[in-house]
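Just below is one structure, and these are the notes that go with it.
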Amino acid sequence: MLPFKLVYSDDYYLPIGSHVFPAEKYKHIHDRLLASGTAEPSDFVTPRPATDQDVLLVHTPQYVEKLKTGTLSAREQMELEVPFSPALVKAFWLAAGGSILAADYALGDGIAISIGGGFHHAFPDHGEGFCMIHDVAIAIRHMQRDGKIRYAMTVDCDVHQGNGTAAIFAAPRTASEPLPSVPTSTLTSTKTKMRSSHTGDVFTISLHQENNYPAWKPPSSIDINLPDEIGDDDYLAWLDNALSSGLRQFDPDLLCYIAGADPYREDQLGGLSLTIDGLKKRDELVFRVAKARGIPVMVTLAGGYARDVEDTVAIHCNTVIAATEVFTK
Ligand SMILES: [Zn+2]
1 MLPFKLVYSD
11 DYYLPIGSHV
21 FPAEKYKHIH
31 DRLLASGTAE
41 PSDFVTPRPA
51 TDQDVLLVHT
61 PQYVEKLKTG
71 TLSAREQMEL
81 EVPFSPALVK
91 AFWLAAGGSI
101 LAADYALGDG
111 IAISIGGGFH
121 HAFPDHGEGF
131 CMIHDVAIAI
141 RHMQRDGKIR
151 YAMTVDCDVH
161 QGNGTAAIFA
171 APRTASEPLP
181 SVPTSTLTST
191 KTKMRSSHTG
201 DVFTISLHQE
211 NNYPAWKPPS
221 SIDINLPDEI
231 GDDDYLAWLD
241 NALSSGLRQF
251 DPDLLCYIAG
261 ADPYREDQLG
271 GLSLTIDGLK
281 KRDELVFRVA
291 KARGIPVMVT
301 LAGGYARDVE
311 DTVAIHCNTV
321 IAATEVFTK
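Using this note's numbering, the first residue of the sequence shown is number 1, and each one after it goes up by one.
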């Protein structure tokens, strides 16, 4: 039995038809975790959909109304980049409920993983980039409202910048400063931005490929704009640096790790060059740092568009294995 819970429902499946987003991956991950003996049926807990009140903690009443009544404009539907349907609305509400449940379990067990979620491109008043509503932000605001946490940190390792997260949790900005440099020549050209002081209650970190969607990247608390084709070692050095910098400035009650599989070198929508093994080391690094500081971790999966969907599934399963290795002690 795992020392933490996996939040999952077959209804995480996104009814979007044939699409670059492999909506079947959630079930494949679930099945592989069981078939490999990594997890047992009793390790899984089933979420309930978020309530509309939860969703309204992050999203505007106008946008929620449009989603509930199916009245998005043609332009809004296009921006979403997945075909709108009432069934899709239900699936996203369930993903948000799953992230809330994972956050709750994380506070008790030190870590919990939702085999879904990570829809970091959703903004308060619109969805984009396959993301209808922002499950992680909803979970954070839910936990804050219930008085279970005060401060949260998001650590977004999807290959795409967490523009929705940055916009939702934007704090008053101060002058940008470079991060302390990492002594590797390829890293010196990497532009990073960091607020010298952070006044909000959520600190956002995003490591992403600069030359990729979204074109407009609203500032996170720390943005690591990585050059194309960066490999395991440079990536891990930057992640280590960003975590150290963030945790020097901010002491969260909950760390929300967005564990995108798309920095993988075989990803169709990514331009970084991480290996499957390097991505597992990434997960281990986040988990080790959080565990050492006693910060509970809530994990969501976000993107993953490998040419072979089984690689995406393997990367996400490795996140569970990495958590098991770090938290079984
Ligand atoms: Zn992505």
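Using N, Cα and C, we set each Cβ at its ideal position, and we do this for glycine too.
Using a Cβ-Cβ cut-off of 7 Å (strictly less than) and excluding sequence neighbours within five positions of A50, which residues of its own chain qualify?
W93, A96, G97, I100 and I138
Please go through the same chain and pick out, in chain order, the residues whose beta-carbon is closer than 6 Å to the beta-carbon of V7, but skip the five residues on each side of it.
V45, P47, G98, L101, A102 and S114
With 8 Å as the threshold, decide whether the Cβ of I111 is near any Cβ in chain D.
The structure shown has no chain D; it contains just one protein chain.
Give me the Cα-Cα distance between S244 and F250, rounded to the nearest whole angstrom.
10 Å
D158: CB within 7 Å of a non-hydrogen atom of ligand 1:
yes
Roughly how many whole angstroms lie between the Cα atoms of T38 and Y235?
27 Å
Straight-line gap, V320 to F287 (C-alpha atoms, nearest Å)
11 Å
Return the bridge partner residues of F203 from the DSSP annotation.
M153
Span separating the alpha-carbon of S273 from that of V159
10 Å
Classify T154: buried if its beta carbon has 16 or more other beta carbons within 10 angstroms, exposed otherwise.
buried
Please state whether the Cβ-Cβ distance between G147 and T300 is less than 8 Å.
no
Under a three-way DSSP split, which group does I230 fall into?
coil
So what does H30 bridge to, in DSSP terms?
Looking at the DSSP assignment, H30 forms no beta bridge with any residue, so it has no partner.
How about H303: is its Cβ closer than 7 Å to a heavy atom in ligand 1?
Position check: residue 303 holds Gly in this sequence, whereas His was assumed. Result yes, Cβ under 7 Å from ligand 1.
Segment contact flag, the segment 125-144 with the segment 71-87, C-beta cutoff 8 Å, min 3 pairs:
yes
Mind checking S9: buried by the 16 CB within 10 Å criterion, or exposed?
buried
Between H19 and P263, what straight-line distance do the alpha-carbon atoms span, to the nearest angstrom?
19 Å
Go ahead and pull the three-state DSSP assignment for Y8.
coil
Does DSSP put F44 in a helix, in a strand, or in coil?
strand
Taking the straight line between their C-alpha atoms, what separation do you get for N225 and T324?
30 Å
For H134, the three-state DSSP class (helix, strand or coil):
coil
Alpha carbon of A166 to alpha carbon of R282, nearest angstrom
22 Å
Bridge partner(s) assigned by DSSP for A95
DSSP output for A95 lists no bridge partner at all.
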